[in-house]
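In what follows, a structure is listed as structure tokens, so that the remarks can point back to it.
2 protein chains.
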Amino acid sequence: MSELSPYLASVAKTIDHMIDRYFVDKTGELNKASAHLLAAGGKRLRPAVMMLAADAVTSGSSEELLHAALALEVTHTFTLIHDDIMDDDSLRRGVPTVHTKWDMPTGILAGDVLYARAFEHLCMAHAKDDAKVRAVTMLARACADICEGQHMDMSFEHRSDVDEDEYMEMVKKKTGVLYAAAAGIGAVLAGGNAVQVKALYNFGLNIGIAFQIQDDLIDLVTPAETSGKDQASDLREGKQTLLMIKAREKGLDLSKYRRDLSAADINKAIQELTDAGVIDEVKQMASDLVSASNKNLAVLSPSKERQLLMDIGAFFVTRSF
Amino acid sequence: MSELSPYLASVAKTIDHMIDRYFVDKTGELNKASAHLLAAGGKRLRPAVMMLAADAVTSGSSEELLHAALALEVTHTFTLIHDDIMDDDSLRRGVPTVHTKWDMPTGILAGDVLYARAFEHLCMAHAKDDAKVRAVTMLARACADICEGQHMDMSFEHRSDVDEDEYMEMVKKKTGVLYAAAAGIGAVLAGGNAVQVKALYNFGLNIGIAFQIQDDLIDLVTPAETSGKDQASDLREGKQTLLMIKAREKGLDLSKYRRDLSAADINKAIQELTDAGVIDEVKQMASDLVSASNKNLAVLSPSKERQLLMDIGAFFVTRSF
Numbered sequence: 013m014s015e016l017s018p019y020l021a022s023v024a025k026t027i028d029h030m031i032d033r034y035f036v037d038k039t040g041e042l043n044k045a046s047a048h049l050l051a052a053g054g055k056r057l058r059p060a061v062m063m064l065a066a067d068a069v070t071s072g073s074s075e076e077l078l079h080a081a082l083a084l085e086v087t088h089t090f091t092l093i094h095d096d097i098m099d100d101d102s103l104r105r106g107v108p109t110v111h112t113k114w115d116m117p118t119g120i121l122a123g124d125v126l127y128a129r130a131f132e133h134l135c136m137a138h139a140k141d142d143a144k145v146r147a148v149t150m151l152a153r154a155c156a157d158i159c160e161g162q163h164m165d166m167s168f169e170h171r172s173d174v175d176e177d178e179y180m181e182m183v184k185k186k187t188g189v190l191y192a193a194a195a196g197i198g199a200v201l202a203g204g205n206a207v208q209v210k211a212l213y214n215f216g217l218n219i220g221i222a223f224q225i226q227d228d229l230i231d232l233v234t235p236a237e238t239s240g241k242d243q244a245s246d247l248r249e250g251k252q253t254l255l256m257i258k259a260r261e262k263g264l265d266l267s268k269y270r271r272d273l274s275a276a277d278i279n280k281a282i283q284e285l286t287d288a289g290v291i292d293e294v295k296q297m298a299s300d301l302v303s304a305s306n307k308n309l310a311v312l313s314p315s316k317e318r319q320l321l322m323d324i325g326a327f328f329v330t331r332s333f
Numbered sequence: 013m014s015e016l017s018p019y020l021a022s023v024a025k026t027i028d029h030m031i032d033r034y035f036v037d038k039t040g041e042l043n044k045a046s047a048h049l050l051a052a053g054g055k056r057l058r059p060a061v062m063m064l065a066a067d068a069v070t071s072g073s074s075e076e077l078l079h080a081a082l083a084l085e086v087t088h089t090f091t092l093i094h095d096d097i098m099d100d101d102s103l104r105r106g107v108p109t110v111h112t113k114w115d116m117p118t119g120i121l122a123g124d125v126l127y128a129r130a131f132e133h134l135c136m137a138h139a140k141d142d143a144k145v146r147a148v149t150m151l152a153r154a155c156a157d158i159c160e161g162q163h164m165d166m167s168f169e170h171r172s173d174v175d176e177d178e179y180m181e182m183v184k185k186k187t188g189v190l191y192a193a194a195a196g197i198g199a200v201l202a203g204g205n206a207v208q209v210k211a212l213y214n215f216g217l218n219i220g221i222a223f224q225i226q227d228d229l230i231d232l233v234t235p236a237e238t239s240g241k242d243q244a245s246d247l248r249e250g251k252q253t254l255l256m257i258k259a260r261e262k263g264l265d266l267s268k269y270r271r272d273l274s275a276a277d278i279n280k281a282i283q284e285l286t287d288a289g290v291i292d293e294v295k296q297m298a299s300d301l302v303s304a305s306n307k308n309l310a311v312l313s314p315s316k317e318r319q320l321l322m323d324i325g326a327f328f329v330t331r332s333f
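Here the protein sequences line up with chains D and P, keeping their order. Each residue of the first sequence is one higher than the last, beginning at 13 in this note's numbering. Each residue of the second sequence is one higher than the last, beginning at 13 in this note's numbering.
Below, the structure written as structure tokens:
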């Protein structure tokens, strides 16, 4: 994986530069609100997946598709802005959320502006028109699915009986489909055939689901100083993550942790989940998803980019923040 | 204009049928919330403008473009759902608004789902791919402008010094550009050349602005039983409409009407505005915009559809609800 870090750094630099050019350097309060979270950093993983998928299909094609890579980051950011309103979160990427820094109406509109700009930039990619039409359709369907996933996630808050299938369906929609669209759009715009597009779409879907499962693990085990987020917030809020669902299925009662938690409390919960085999099982599921996702890549010729796609999958389930 | 009413009725029937098929007949709470306002009726004027523009460019082409017509209605509805949240309005088209019937997060998501579906349906139109890419770009830019217009409109609430130019800019973005996009997209998808597309875009822009000015007039002079909306709400709320701006420019003080108003109060305000020539001036401006918009249509061969486009413009500034 030694080549992945510099690759991701270079993509992030390119995307950051485009964000400055097309979003930050604009006047007007609504444009500022729209650019706020985009400019607050981020790993730019969806653009990286899109560009690698494109290059894995047609070497060197991603250079022509930077606007489409930007479109994926912009789409992701619009969903974050709207999610933050719904969840009334006040901090994201170390900065105040848009509706906190401005107000709720401005947050809705800032997200809506980015939503439009995503489709506009997707159409600005240098690719064949039929491919662009397919890419627009793929992005639109992903956006509708993300909404459905967020709606499911919120509905889970009122329930304590969510099962594994429901959780997987929610995560597939909320997180998986945008990675699927990223890889699929890269393949489509690079001129990939139907088999390649489908394979890369499925690759993205699986690593996206694995990404979210790992996110839930990170929430539990990574101290705030490393992750930048409150540790064990899911546990405290009784959130229906895969960890919690598996724990419940094994008869563990985690409801006692739905309160302010000390570091010792968190360690006790981690120990309990470890002893019951829950953490290992969840890690195994994420790891199995990544292995399954790699099988999709067999339809592509070996290349540096194909290897980097596998490295990204491996990174998704080993990262600690 | 005798042919306009049956034409509009037939478009509305077609669009209503598509709404039933693609939105109402879906399961799941979020889909129900997304379909709620779409299914609550509406004159389907943007689809009509799109279809007439297409047929005025290439006779009979609109039959192939029904999905694009639907996309415009869906776009309009998504903006209404989000606007209702921002303005915290509880009634629209005689039904509870989405965030009132469900909740704010569901309202945001229902709008976001429609936003995606609009682009998906636009891509489902039977047209050339290059035309569809241009149409997607046009719709995306219109959406970003609508957000900007709504943001301007909200910022006006805290001001009492909005001038005519600012008002016109706001209305252009909030209402004009979607009619412009409707006519422009119809022309593009029907295979229109650059001159025709630009002419129809500008036609739509002007009648859209005139439509909004007429809406402000209707708010003042049309009783609730005819318009279905509270009479004189703009006056009561001190909203910066063209009427109010012109009145202020003429030295009229309408701030005394910022309170609960009886029918007699409203009549007194109407009399005051009539005597000062404000109502006539505003009517003239709307009428001039429609005349100007018709000049754009000179690049098209005479046809039934070109005439119906002119009739729609005339209808926009004579309607009383």
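Each residue gets a CB set at the ideal place from its N, CA and C atoms; glycine is no exception.
Exercise. Determine, using beta carbons only, whether residue 232(P) comes closer than 9 Å to chain D.
Key: As a working mapping, residue 232(P) is identified with position 220 in the second sequence. Not one chain D Cβ lies under 9 Å of residue 232(P).
Quiz item: Are residue 294(D) and residue 255(D) closer than 9 Å when you measure CB to CB?
Solution: Against the first sequence, residue 294(D) aligns to sequence position 282. Against the first sequence, residue 255(D) aligns to sequence position 243. Contact flag set, yes.
Practice problem: Using a Cβ cut-off of 7 Å, pull out every chain D residue sitting near residue 144(P), in sequence order please. | Solution: Here the question's residue 144(P) lines up with position 132 in the second sequence. In chain order: 145.
Quiz item: Are the beta-carbon atoms of residue 123(D) and residue 97(D) separated by less than 9 Å?
Solution: For the purposes of this step, residue 123(D) is identified with residue 111 of the first sequence, where counting begins at 1. For the purposes of this step, residue 97(D) is identified with residue 85 of the first sequence, where counting begins at 1. It is a contact, given that the beta carbons lie within the stated cut-off.
Quiz item: For residue 134(D) and chain P, any beta-carbon pair shorter than 9 Å?
Solution: Walking along the first sequence from the start, residue 134(D) turns up at place 122. Residue 134(D) counts as touching chain P.
Practice problem: Give the straight-line distance between the Cα atoms of residue 229(D) and residue 197(D), rounded to the nearest whole angstrom. | Solution: Sequence index remark: in the first sequence, residue 229(D) carries index 217 (1-based). Sequence index remark: in the first sequence, residue 197(D) carries index 185 (1-based). Answer to the nearest angstrom: the Cα atoms are 29 Å apart.
Quiz item: Would you call the stretch 28-42 of chain D and the stretch 112-123 of chain D in contact, with 3 or more CB pairs under 8 Å?
Solution: yes
Exercise. Given a cut-off of 9 Å, decide if residue 50(D) and residue 86(D) are closer than it, judged by their beta-carbon atoms.
Key: Mapped onto the first sequence, residue 86(D) falls at position 74. Mapped onto the first sequence, residue 50(D) falls at position 38. In contact: residue 86(D) and residue 50(D) (Cβ atoms closer than 9 Å).
Quiz item: CA-CA distance, residue 17(P) and residue 330(P)?
Solution: Within the second sequence, residue 17(P) is the residue found at index 5, counting from 1. Within the second sequence, residue 330(P) is the residue found at index 318, counting from 1. The straight-line gap from Cα to Cα measures roughly 14 Å.
Exercise. Note down, in chain order, each residue of its chain lying with its Cβ closer than 6 Å to the Cβ of residue 325(D), except the 5 sequence neighbours on either side.
Key: The sequence position of residue 325(D) within the first sequence is 313, counting from 1. The residues 219, 302 and 305, in chain order, have a CB closer than 6 Å to that of residue 325(D) in the same chain once the five nearest residues on each side in sequence are set aside.
Quiz item: What are the boundary residues of the alpha helix (DSSP H) that residue 123(P) is part of?
Solution: Stepping through the second sequence from its first residue, residue 123(P) is reached at position 111. For residue 123(P), the uninterrupted alpha helix (DSSP H) segment begins and ends at 116-136.
Quiz item: Taking three-plus beta-carbon pairs below 8 Å as touching, is the stretch 141-158 of chain D in contact with the stretch 131-142 of chain P?
Solution: yes
Quiz item: Is the shortest distance between the beta-carbon of residue 162(P) and the beta-carbons of chain D less than 9 Å?
Solution: Numbered from its first residue, the second sequence carries residue 162(P) at position 150. True, the Cβ-Cβ gap to chain D drops below 9 Å.
Practice problem: Buried or exposed for residue 173(P), please, with buried defined as at least 16 other CB atoms from any protein chain shown within 10 angstroms of its CB. | Solution: As a first step, residue 173(P) must be located in the second sequence, where it is residue number 161. With fewer than 16 other Cβ atoms within 10 Å, it is exposed.
Self-check item: Interface positions of the stretch 81-102 of chain P facing chain D (Cβ-Cβ less than 7 Å), listed along the chain
Solution: 94, 97 and 98
Exercise. Would you give the residue range spanned by the alpha helix (DSSP H) that residue 34(D) belongs to?
Key: The residue you call residue 34(D) lines up with position 22 of the first sequence. Unbroken run through residue 34(D): none, as it is neither H nor E.
Quiz item: Which residues in the same chain as residue 222(P) place their Cβ atom closer than 6 Å to its Cβ, once the five residues preceding and following it in sequence are excluded?
Solution: Looking up residue 222(P) in the second sequence gives position 210. Excluding sequence neighbours, residue 222(P) sits near 298, 301, 302, 328 and 329.
Quiz item: Straight-line CA distance for residue 93(P) to residue 104(P)?
Solution: The sequence position of residue 93(P) within the second sequence is 81, counting from 1. The sequence position of residue 104(P) within the second sequence is 92, counting from 1. Going by the C-alpha atoms only, they are around 9 Å apart.
Practice problem: Could you tell me which chain P residues have their CB closer than 9 Å to the CB of residue 124(D), listed as they occur along the chain? | Solution: In the first sequence, residue 124(D) corresponds to position 112, counting from 1. Neighbours of residue 124(D) on chain P, chain order: 90, 91, 94, 123, 124, 127, 155, 156, 158, 159 and 162.
Quiz item: List, in order along the chain, the chain D residues whose C-beta lies closer than 9 Å to that of residue 149(P)?
Solution: Within the second sequence, numbered from 1, the residue matching residue 149(P) stands at position 137. Under the 9 Å cutoff, chain D gives 131, 132, 135 and 136.
Quiz item: Of all the options 272(D), 150(D), 135(D) and 208(D), which has the alpha carbon lying nearest to the alpha carbon of residue 129(P)?
Solution: Translated into the one-based positions of the second sequence, residue 129(P) becomes position 117. When each option's Cα is compared against that of residue 129(P), the closest is 150(D).
Exercise. Find out if the Cβ-Cβ distance for the pair residue 184(P), residue 217(P) is shorter than 9 Å.
Key: One-based indexing of the second sequence puts residue 184(P) at position 172. One-based indexing of the second sequence puts residue 217(P) at position 205. The answer is yes: Cβ separation under 9 Å.
Quiz item: Does the stretch 209-216 of chain P come close enough to the stretch 160-178 of chain P that 3 or more CB-CB pairs lie under 8 Å?
Solution: As far as the Cβ criterion goes, the stretch 160-178 of chain P does not touch the stretch 209-216 of chain P, which means the pair count is below three.
Quiz item: Are residue 64(P) and residue 190(P) closer than 9 Å when you measure CB to CB?
Solution: Along the second sequence, read from residue 1 onward, the residue named residue 64(P) stands at position 52. Along the second sequence, read from residue 1 onward, the residue named residue 190(P) stands at position 178. For residue 64(P) and residue 190(P), no; Cβs fall outside 9 Å.
Quiz item: Given a threshold of 16 other Cβ atoms within 10 Å of its Cβ, counted over all protein chains shown, does residue 207(D) qualify as buried or as exposed?
Solution: The sequence position of residue 207(D) within the first sequence is 195, counting from 1. Classification for residue 207(D): exposed.
Quiz prompt | Helix, strand or coil at residue 329(P) [DSSP, three-state] | solution = Position 317 of the second sequence, counted from the first residue, corresponds to residue 329(P). Three-state result, residue 329(P): coil.
Quiz item: For residue 26(P), which of 56(P), 48(P), 36(P) and 35(P) has the nearest alpha-carbon?
Solution: As a working note, residue 26(P) is residue 14 in the second sequence. Measuring from the Cα of residue 26(P), the nearest candidate turns out to be 56(P).
Quiz item: Around the Cβ of residue 160(D), are there at least 16 other Cβ atoms within 10 angstroms (buried) or fewer (exposed)?
Solution: Stepping through the first sequence from its first residue, residue 160(D) is reached at position 148. Label assigned to residue 160(D): buried.
Practice problem: Flag residue 118(P) as yes if its beta-carbon sits less than 9 Å from any beta-carbon of chain D, otherwise no. | Solution: Along the second sequence, read from residue 1 onward, the residue named residue 118(P) stands at position 106. At least one chain D Cβ lies under 9 Å of residue 118(P).
Practice problem: Report yes if the CB atom of residue 121(D) is closer than 9 Å to the CB atom of residue 88(P), and no otherwise. | Solution: Looking up residue 121(D) in the first sequence gives position 109. Looking up residue 88(P) in the second sequence gives position 76. No, Cβ-Cβ distance for residue 121(D) and residue 88(P) is not below 9 Å.
Quiz item: When the Cα of residue 126(P) is compared with those of 237(P), 46(P) and 309(P), which residue comes out closest?
Solution: What you label residue 126(P) is simply residue 114 of the second sequence in a count that begins at 1. Residue 46(P) is the option with its Cα nearest to residue 126(P).
Quiz item: Nearest CA to the CA of residue 268(P): which residue from 247(P), 14(P) and 238(P)?
Solution: Taking the first residue of the second sequence as position 1, residue 268(P) is located at position 256. Of 247(P), 14(P) and 238(P), the residue nearest in Cα terms is 247(P).
Quiz item: Going along chain D in order, which residues have a C-beta closer than 8 Å to the C-beta of residue 254(P)?
Solution: As a working mapping, residue 254(P) is identified with position 242 in the second sequence. Near residue 254(P) there are no residues of chain D at all, since even the closest Cβ is about 23 Å away, more than 8 Å.
Quiz item: Just how far apart, CA to CA, sit residue 332(D) and residue 234(D)?
Solution: Looking up residue 332(D) in the first sequence gives position 320. Looking up residue 234(D) in the first sequence gives position 222. Computed Cα separation, rounded: 7 Å.
Quiz item: For the stretch 39-54 of chain D, which residues have a CB atom closer than 8 Å to at least one CB atom of chain P, in sequence order?
Solution: 40, 41 and 42
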